[in-house]
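Written out below as structure tokens is the structure these notes cover.
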Amino acid sequence: MDNPFERLARGSLYLLLGNITTSTVGAVFWIILAKMLDSVHIGQAMIVIALMTSIIAFTGSGVQTALTKYIAEHNAKSEYKESRRIINIGLIISLLIGTIVGIILFLLSDSISMIYSSSEGMAFLISLASLSYIPANAIVASISSIYTAYHKTQYVLLTTVIFQASRLIASIALAINGFEALAIIVGFSIASIINSVIGYIIMRSVSKHYVRRERGEDVKVEADDSKNKFSIKALLTFSGYNYIATGLRTLRNQIGVLTIGTYSVELSAFYGISSLIANVVGQVMISIASMLLPTVSEEIVKGNRDGVKHLFSIAMRIALVLNGFLVLLLLIEPTYILRMISHSYVEASDALRILVIAYLINSTSNLMASMLNAINRAKDIAMRESISSAIIVALTPLLVPILGIEGAAIALLVGSLSNLVLSYMLISRQGFTLSMNVYRAPLSIVVAFTLGYILLVVYGNTLISLILALSVHMLFSLAVKAITRKEISTIISVLIARGR
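918 is the number that this note's numbering gives to position 238 of the sequence shown; each next residue is one higher, with no gaps.
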């Protein structure tokens, strides 16, 4: 039986590849369409997608987190039939909530579109997305959580590729034929529907395999049936807190686009593109956080609390080191990437720098949230997210009229910092303190950025500055043991073994 670190590394690999695919192809998607369509149409689509993303987070994320946790716990006890029962309940709840919310949003589309009165056709775009994208995406996200619970994250990667390819092909084809913002919304909807059907077929096959394994092992659970029987009330309670937490987490990331859009649809496109680029920096952390929930849930069931503490520190430390390379690439010279899209997008370079730091902090808090969920502290997460999101939602409309898109980025940064402080307080209260080695990882990022930026200012050579910063980060991390050679060897061996 492999150890928790190996399971975490394997699962995180596929999730990371999936997140990289999402970020990379997603960036290519928006860059291509930004070159094909006017920035006003890009802004329209981004406002609608930001709204849909926020709604989806409130309507599906709670069940998704609950599915991962409870399926992993029952799988750890070889109760695969009970896991399948949880799957059926979770999918029904996800589809039901997604459909109801989609209908409500459809009925409110005219009223919502009046907020963006300068943008024609917004009501139709919202109506279409609410009836197609929301229900389909609720199923897709739930199925991905099920794959994660079974440690079958290779299927998350597969369905991610299917979604990205379908969206790209459909949207470009429609944009070529003059459908403008509608091309993007239809592309999202078609890709989600295709993904939900294929994902469901694969997921049923995976769960059936484990049920057959339970029959073969002749697992005896009848004596403790009352104790082991899954409680729908427990799922709904746990989901409720996570609906609040993840919904607010998503809203705070989208509030900038939604607020800026009331002043200028074009500026909302600049900020939205910058947010998408900045979001790349947290992908390593998010991948590890997603796998940390089922892995820790299994180990807690087995009584391995000390092992969980050690795993938490290792996961945090390695994630920060790996994320550091992406952070440095975007912090030192953000204008280079924005100029690849269009010279007009360079206006968002300062906002991008701020957003990079904010998203790194957010992803760190997400990893702590996975730990808290695994030890049944979902209520604490909801409280933490409520406070930090309230700060962001309050600051954004105050700062945007004064500072423009930089104001929205600063609001997100301030709220993210408060979230990190609260997260650390909550996780420490549960006895999961971080080892001193963890703090050496952000120190390495700061040292590398300082040297790289000084070189950029003095000599003005972006390439040399980036090479220096990345090299310093790698060498400094090894020197202070933010990551060890043994850990690197273990990760590489796990990846090689998985590739065979």
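Note that beta-carbon positions come from the ideal geometry of N, C-alpha and C, so glycine has one too.
Between which two residues does the alpha helix (DSSP H) holding residue i run?
| i | result |
| --- | --- |
| I856 | 834-856 |
| T917 | 912-941 |
| N817 | 802-829 |
| Y1133 | 1116-1139 |
| A1207 | Since the first residue shown for the chain is 681 and the last is 1180, residue 1207 is missing from the structure and cannot be characterised. |
| G952 | 945-958 |
| E860 | That residue, E860, is in no alpha helix (DSSP H); it is neither H nor E in DSSP. |
| V976 | 963-981 |
| F1156 | 1142-1159 |
Going by C-alpha distance, which of the options is nearest residue i?
| i | options | result |
| --- | --- | --- |
| V981 | T779, L731, I711, K749 | K749 |
| T701 | I783, Q834, T828 | Q834 |
| S1045 | I814, L1106, S734 | L1106 |
| N768 | S993, V743, I783 | V743 |
| K1166 | I998, F786, L931 | I998 |
| L1123 | L697, F1156, Y1039 | F1156 |
| L1002 | T1142, I966, D718 | I966 |
| N1141 | E1013, I1125, K1161, P1077 | E1013 |
| G723 | I953, N699, S872 | I953 |
| L991 | T1113, H754, S1103, V1007 | T1113 |
| L1009 | M732, S1151, A855, T942 | S1151 |
| H1153 | I1125, G1132, I1172, Y1133 | I1125 |
| P1077 | V945, S1145, G941, V1127 | G941 |
| T1057 | I736, A714, S1108 | Thr is not the amino acid found at residue 1057; the sequence shown has Arg there. Selected option, being the one with the closest Cα: S1108. |
| G858 | L713, T1164, Y943, L788 | L713 |
| S1043 | H721, I1172, L1092 | L1092 |
| R884 | I856, A1128, S824, I1082 | S824 |
Quick one, are the C-beta atoms of residue i and residue j less than 7 Å apart?
| i | j | result |
| --- | --- | --- |
| L837 | Y694 | yes |
| V841 | T939 | no |
| I1085 | A1121 | no |
| L972 | S1050 | yes |
| S734 | Q963 | no |
| S810 | L785 | yes |
| V877 | K832 | no |
| Y827 | F868 | no |
| A949 | S719 | yes |
| T779 | N922 | no |
| A818 | R847 | no |
| I924 | A1062 | yes |
| L1100 | R1064 | no |
| T1015 | V1007 | no |
| S1096 | L1035 | no |
| R687 | T975 | yes |
| V937 | A730 | yes |
Return the Cβ separation of residue i and residue j in integer angstroms, given the expectation that the two are a contact with Cβ distance under 8 Å.
| i | j | result |
| --- | --- | --- |
| S822 | L747 | 6 Å |
| S970 | V1118 | That pair is no contact at about 19 Å. |
| V1073 | R932 | 7 Å |
| S703 | V960 | 4 Å |
| A725 | I864 | 4 Å |
| Q1110 | I1168 | The pair is not a contact, with the Cβ atoms about 30 Å apart (cut-off 8 Å). |
| P815 | G782 | 5 Å |
| Y1039 | A958 | 5 Å |
| A861 | L805 | 6 Å |
| A829 | I912 | Contact flag wrong, Cβ pair sits at about 17 Å. |
| R1033 | L1011 | 6 Å |
| S1098 | S1068 | 5 Å |
Which parts of the stretch 1002-1063 are runs of the alpha helix (DSSP H), unbroken and 4 residues or longer, counting only runs that do not cross its ends? 1014-1021, 1029-1054
Please list the segments of the beta strand (DSSP E) lying wholly inside the stretch 731-788, counting only runs of 3 or more residues, in order along the chain. none
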